[in-house]
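Each residue of the sequence shown is one higher than the last, beginning at 1 in UniProt numbering. Think of the CB as a built atom: it goes at the ideal place given N, C-alpha and C, for glycine as much as any other residue.
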Amino acid sequence: MASIAQASATISDLQIELSTYWMQNSSEITTQKQAHTTAELATNLILERTGLGSTLAKNTVPASTTTTTAGSTTTKSAHRDPVDRLEKHILDYIHHCTQHVKKVAETRVQLAKAQMAEFKALEDFEQIATPSQWNIHVLLKPKMKAWSTKNKNYRTVLKRI
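Below you can see the structure in the form of structure tokens.
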């Protein structure tokens, strides 16, 4: 369970780092576009005030604004598409590599359910058992425990061979 929590924390850290990276990347692109737009507007203002092409300046301002808006949309999607693919590949890899953890957890849950059923059966037996049945139970309990331990050891040895 600790390794699952550690893996989850690592995944969260990586997601935060990735989103921070792309936020910085997109903010740099936005800053560059704003600087470019500001430069265009400043140029147009200078041209208007000097009177060197006031008609040209009026026509180019809306066009540059439209181009910037369309360019920012395509740039964002162009930058976002590789991120989406990278996220998908990372998630597929994590899903593939954590299948064994999922199986182990499911096995533990099944084992816990079986142990709960055994415990309930033992409680029921304790309540309905006659003294002779209880005495037999007390005699067999250590023998069953020893057999169980031997069986576990035997299985372990077989796995090693």
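{"Query": "Rounded to whole angstroms, what is the Cα-Cα separation between M116 and V83?", "Result": "46 Å"}
{"Query": "Are A7 and T98 close, meaning C-beta to C-beta below 8 Å?", "Result": "yes"}
{"Query": "With DSSP collapsed to three states, give me the class of N161.", "Result": "The sequence as given places Ile at residue 161; Asn does not occur at that position. It is coil, neither helix nor strand."}
{"Query": "What does the alpha-carbon distance come out to for the pair T30 and A114?", "Result": "59 Å"}
{"Query": "When we look at the beta-carbon of N25 and count the other beta-carbons within 10 Å, is it buried (16 or more) or exposed?", "Result": "exposed"}
{"Query": "Between which two residues does the alpha helix (DSSP H) containing A42 stretch?", "Result": "2–50"}
{"Query": "Excluding five sequence neighbours on each side, which residues of the same chain lie with their C-beta closer than 6 Å to the C-beta of W22?", "Result": "V83"}
{"Query": "Inspect the beta-carbon positions of I94 and I11 and report whether they are closer than 8 Å.", "Result": "yes"}
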